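Residue numbers for the sequence shown, in this note's numbering: 11 to 191.
Structure first, commentary second.
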Amino acid sequence: MRAAVYLVTLFCGLSLSAIVYAQDEHHDHEAGHRHHGAHVHGMATLDLVMDDDELMMHLKSPLMNFLGFEHQPETEQQKAIYQDMLQQLEMLATLIEVKGSSCKAESIEVEEPFADSDEAGHADVDVSYFLRCEEPENITELKINLFDVYSNLETMQVQMVLPTGQQQLRLNQQRTSIRIQ
Ligand SMILES: [Zn+2]
């Protein structure tokens, strides 16, 4: 139980630093543009914690990257796109491949994206994955396929806490894999 609480704390801390990082980014490249935490269209964050056989991932992205819109789906076409996204997010193995070990998703939590959209109508996808891996020490790589599925996604800021230490890196459509060893 203690470990779980620790990890949750760690996880929140990571999210926070990801947001701070994104804000810096925002300042540098898009000065004068709207400022709203980590919500930058084209950009997503992935926080990852590996501990023993547990692998936890938290993915956050503007809904725009995944849907092409950020309001409640209205037309039949928008509703279909939204349902497809929800189904896709549940199929973690096709979005993020863990190489070297077999991992099972024990829980997948997708937050309702429109519940806390801001007054300007921006909304985020927020998903938490909890996996258990059979041979975690053999994990060599995580292959991120989200760029193939969602073409509006341009960069992903990754923050990791691995048994070997903390690390952060940036992925894009050309660089899609995270080396673990
Ligand atoms: Zn937005």
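All C-beta atoms in this analysis are idealised placements derived from N, C-alpha and C, irrespective of residue type, glycine included.
Here the structure is a predicted model, which means the values were calculated and not measured.
- prompt: Quick one: is the Cβ of Glu80 within less than 7 Å of any heavy atom of ligand 1?
  reply: Yes, the beta carbon of Glu80 sits closer than 7 Å to at least one heavy atom of ligand 1.
field: Glu107 in three-state terms, based on DSSP
entry: Three-state result, Glu107: strand.
message: Based on DSSP bridge pairs, tell me the residues matched to Met60.
response: Leu65.
Those residues which DSSP pairs with Pro72 across a bridge: Pro72 pairs with Asp134.
- request: Under 8 Å by Cβ, that's how I've got Leu172 and Met60 pegged, so tell me the actual separation to the nearest angstrom.
  value: The beta carbons of Leu172 and Met60 sit about 5 Å from each other, so the pair counts as a contact at 8 Å.
task: Would you list the one or two residues that DSSP bridges to Val170?
output: Val is not the amino acid found at residue 170; the sequence shown has Met there. Beta-bridge partners assigned by DSSP to Met170: Leu58 and Gln177.
message: Classify Gln184: buried if its beta carbon has 16 or more other beta carbons within 10 angstroms, exposed otherwise.
response: With fewer than 16 other Cβ atoms within 10 Å, it is exposed.
- prompt: Cα separation between Gln88 and Met95?
  reply: Going from the Cα of Gln88 to the Cα of Met95 covers about 11 Å.
message: Under 8 Å, with one C-beta from each stretch per pair, do the segment 151-168 and the segment 118-137 reach the 3-pair mark?
response: The segment 151-168 makes no contact with the segment 118-137, as fewer than three CB pairs between them are under 8 Å.
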